[in-house]
Every structure is written in structure tokens, then in C-alpha cells.
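> I'd like to ask some things about the structure below.
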Amino acid sequence: MTNIHQYWVYIMSNKTRSVLYIGMTNDLYRRYTEHKNGTINGFTQKYKCHYLLFYEEYGHVEDAITREKELKAWRREKKDDLIAKTNPQKNDLAEALGWV
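Taking the working numbering, the leading residue of the sequence shown gets 529, the next gets one more, and so forth.
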């Protein structure tokens, strides 16, 4: 029996798209919901990062952690370019996933 794991690296933003938050999780829906509802104290609650702009899926936690660290080290312009490749309108991807 194959044991399949899923991990996501994601980018959340606020309503005006002026703030970006990069995170990693093993349950993207749960994590999105926590950000959306403001149930996690800290940066995303303070800046109301309730909009999912980007995500990537990984099969190994090490790969997801490495990618998260890589994205966090990027300048804002490079992060914006990454988002623009798959989500040029900067829509909340949770809508397309049927979560909203």
C-alpha cells in the first residue's frame, strides 16, 4: 500500500493585496479557513490576510519546507511575478476551489 502525503506552500494576502504571507501546511483547506476566520494570532490576523493567491502541492514535507524558505527569501517583485503566472487577476483561489 502506498502512503501518499500532501503538503502545500501557499501565499495569502489582504483585501488590497498590499501584504503577502507565505506558509506551508499539510491541510490547505484547514489552514485557509484558520486564516480567513482570524483564529491564528499573529501576522495574518493583524494584517487580515484572508485571500489565497497562490499554492503549490508537494509530496514530501522536506520539499515543501525548502520551497517555503525559498519564497520567503525572495523580493516582493519576484513573489508578485510568481503569483501573476497562475493568478494574474489576484483572485481569491478559494472561490475556484469551492471553499467560499
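Ideal placement from N, C-alpha and C gives every residue a C-beta, glycine not left out.
1. Tell me the rounded alpha-carbon separation between residue 617 and residue 545.
2. Tell me the DSSP bridge mates of residue 537?
3. Starting from residue 568, follow the alpha helix (DSSP H) in both directions and report where the run begins and ends.
4. DSSP has residue 579 in a bridge; who is on the other side?
5. With a threshold of 8 Å on Cβ separation, who are the neighbours of residue 500 within its own chain once the five nearest residues in sequence on each side are excluded?
6. I'd like the span of the alpha helix (DSSP H) that includes residue 589, first residue to last.
7. Where do the ends of the alpha helix (DSSP H) carrying residue 625 lie?
8. Taking only the alpha-carbon atoms, compute the straight-line gap between residue 622 and residue 556 and give it to the nearest angstrom.
Walking through what the data contain:
1. On the sequence shown, position 89 is the one that residue 617 refers to. On the sequence shown, position 17 is the one that residue 545 refers to. Cα-Cα distance, rounded: 11 Å.
2. The sequence position of residue 537 within the sequence shown is 9, counting from 1. Beta-bridge pairing links residue 537 to 552, 584.
3. Numbered from its first residue, the sequence shown carries residue 568 at position 40. Premise fails: residue 568 is in no alpha helix (DSSP H) and is neither H nor E.
4. Residue numbering aside, residue 579 sits at position 51 when the sequence shown is read from its first letter. Its beta-bridge partners are 541.
5. Because the chain here runs from 529 to 628, residue 500 falls outside it and cannot be looked at.
6. The count along the sequence shown starts at 1 and reaches residue 589 at position 61. Run containing residue 589: 589-601, per the alpha helix (DSSP H) assignment.
7. Stepping through the sequence shown from its first residue, residue 625 is reached at position 97. Where residue 625 is concerned, there is no enclosing alpha helix (DSSP H), given that its DSSP letter is neither H nor E.
8. What you label residue 622 is simply residue 94 of the sequence shown in a count that begins at 1. What you label residue 556 is simply residue 28 of the sequence shown in a count that begins at 1. For residue 622 and residue 556, the distance between alpha carbons rounds to 10 Å.
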